[in-house]
Amino acid sequence: MKWKNVNIGISIVIICFLCFAGGLVKCASAMEVKIEPSTLLLGTFYRGADIKISGTVPVGSDVVVRFIGNKKDLHLKKKGKVLGLLWMNLDTFTFKGVPNVCLIYSSKKLVSDDKQCDVESDAWKLSLLALESHISIEPEPEDRTFLVEELVKMKKLEGLYVEQEHAVGITERGEGAEKFEAHVKVPSSLTPGKYMVEVYALQDGKIIDSKITPINAKLVGLPAFLYNLAFEHALLYGLLATIVAILGGLLMGVIFGAGKGAH
Numbered sequence: 625m626k627w628k629n630v631n632i633g634i635s636i637v638i639i640c641f642l643c644f645a646g647g648l649v650k651c652a653s654a655m656e657v658k659i660e661p662s663t664l665l666l667g668t669f670y671r672g673a674d675i676k677i678s679g680t681v682p683v684g685s686d687v688v689v690r691f692i693g694n695k696k697d698l699h700l701k702k703k704g705k706v707l708g709l710l711w712m713n714l715d716t717f718t719f720k721g722v723p724n725v726c727l728i729y730s731s732k733k734l735v736s737d738d739k740q741c742d743v744e745s746d747a748w749k750l751s752l753l754a755l756e757s758h759i760s761i762e763p764e765p766e767d768r769t770f771l772v773e774e775l776v777k778m779k780k781l782e783g784l785y786v787e788q789e790h791a792v793g794i795t796e797r798g799e800g801a802e803k804f805e806a807h808v809k810v811p812s813s814l815t816p817g818k819y820m821v822e823v824y825a826l827q828d829g830k831i832i833d834s835k836i837t838p839i840n841a842k843l844v845g846l847p848a849f850l851y852n853l854a855f856e857h858a859l860l861y862g863l864l865a866t867i868v869a870i871l872g873g874l875l876m877g878v879i880f881g882a883g884k885g886a887h
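Going by the working numbering, the first residue of the sequence shown is number 625, and it counts up by one from there.
1) Might you give, ordered along the chain, the residues of its own chain that have their beta carbon closer than 7 Å to the beta carbon of Ala854, omitting 5 neighbours on each side?
2) Which residues mark the beginning and the end of the alpha helix (DSSP H) in which Tyr851 is found?
3) Between the alpha carbons of Cys726 and Glu856, how many angstroms are there, rounded?
4) Go ahead and pull the three-state DSSP assignment for Leu784.
5) Unbroken alpha helix (DSSP H) runs of length 4 or more, entirely within the stretch 724 to 769: which are they?
6) Given this structure, state the Cα-to-Cα distance separating Leu850 from Leu665, to the nearest angstrom.
7) Among residues of its own chain, excluding the 5 on either side of Gly721, which ones have a beta-carbon nearer than 7 Å to its beta-carbon?
8) Mark Ile728 as exposed unless 16 or more other C-beta atoms lie within 10 angstroms of its C-beta, in which case mark it buried.
9) Using a 10 Å radius around the Cβ and a threshold of 16 neighbouring Cβ atoms, would you call Ser730 buried or exposed?
10) Taking the C-alpha atoms as reference points, what is the distance between Val735 and Ser745?
11) Bridge partners for Leu577 per DSSP, in chain order?
12) Quick one: grab the DSSP three-state call for Glu805.
13) Could you check where the beta strand (DSSP E) with Pro682 kicks off and where it finishes?
14) Below 8 Å on the Cβ atoms is my contact criterion, and I expect Val681 with Ala825 to pass it. Report the Cβ-Cβ distance as a whole number of Å.
15) The beta strand (DSSP E) that contains Met820, what's its start and end?
16) Am I right that Pro811 and Gly672 are in contact with their C-beta atoms under 8 Å? What's the rounded C-beta distance?
17) Under 8 Å, do Val657 and Gly679 count as touching if we go by C-beta distance?
18) So the candidates are Ile867, Leu874, Leu814 and Asp833; which of them puts its Cα closest to the Cα of Val689?
19) On the DSSP letters alone, give me the boundaries of the beta strand (DSSP E) that Glu656 sits inside.
20) For a test of the three-state rule: what should DSSP assign to Gly793, helix, strand or coil?
21) Identify which residue in Asn840, Leu846, Asn852 and Val868 has its Cα closest to the Cα of Pro661.
22) On a Cα-Cα basis, can you pick out the residue from Phe719, Leu781, Leu814 and Asp715 that is closest to Thr769?
23) Pull up the distance between the alpha-carbon of Asp715 and that of Lys702, whole angstroms please.
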């Protein structure tokens, strides 16, 4: 009788453990991400791309999708008036830690109207405002905030920085997870290299799960041929460029020379 009770107790413990482990597996697998296409091909007719990012997140989650490039240093000149008359380059500044691309799509607003109240939340840390706070300038100027804001404005005009609210669709799926989908518009000025697709699931402003996937952008076709020729066969590239320039000049001479002869 005693051994029977022990066996029953062990069985109950095993069942509870399996249920608990199953719950952990279920929670761990609640987030899935699919990226289409998985590689960006920058060919002759590349005019930008649409990346479909979809998957599942835990029920009740807000979703943030980010397409981020490598951080680099930017050397920019500040213009100003000299003697109140002429616009000239006054100072050179180095902006450090600037991603060449930062596209942010979210299912809801990341930052409230009172921008200071969210600085400790994970949602705020994923926003463009947080990015601005992490960019440093050397030498340190008095108007740092203004210069960083102007840099971000410039990047936005170029289509390299984007922050869109309510741009991630979420639908119910059941079984502890729900579907999400976003279409990230990659600009035509994208350069070759490695980028990161980051997907975050948040609840009450806190990150509960995330997945970061690298995605490559590479040259193909004629752009790839010219790039390889320029960097791997510089002498041949220089000769071909010279020949093309000479032929172009001769062609223009023939065209305009024929026009003059007609008169």
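C-beta atoms are modelled at their ideal positions from N, C-alpha and C, and glycine is treated no differently.
Judging by the given coordinates:
1) Tyr861
2) Gly845 to Glu856
3) Approximately 31 Å, taken between the alpha carbons.
4) Look at Leu784 here: in three-state DSSP terms it is coil, with no helix or strand label.
5) 746 to 749 and 752 to 758
6) 15 Å
7) Lys695, His758, Ile759 and Ser760
8) buried
9) buried
10) Spanning the alpha carbons of Val735 and Ser745 requires a straight line of approximately 9 Å.
11) Any property of residue 577 remains undetermined from this structure, which presents the chain solely from 625 to 887.
12) strand
13) Ala673 to Pro682
14) 4 Å
15) Gly817 to Gln827
16) So it is a contact: roughly 6 Å between Cβ atoms.
17) yes
18) Asp833
19) Glu656 to Glu660
20) strand
21) Asn840
22) Considering only alpha carbons, the answer is Phe719.
23) Cα atoms of Asp715 and Lys702: separation of roughly 5 Å, rounded to the nearest angstrom.
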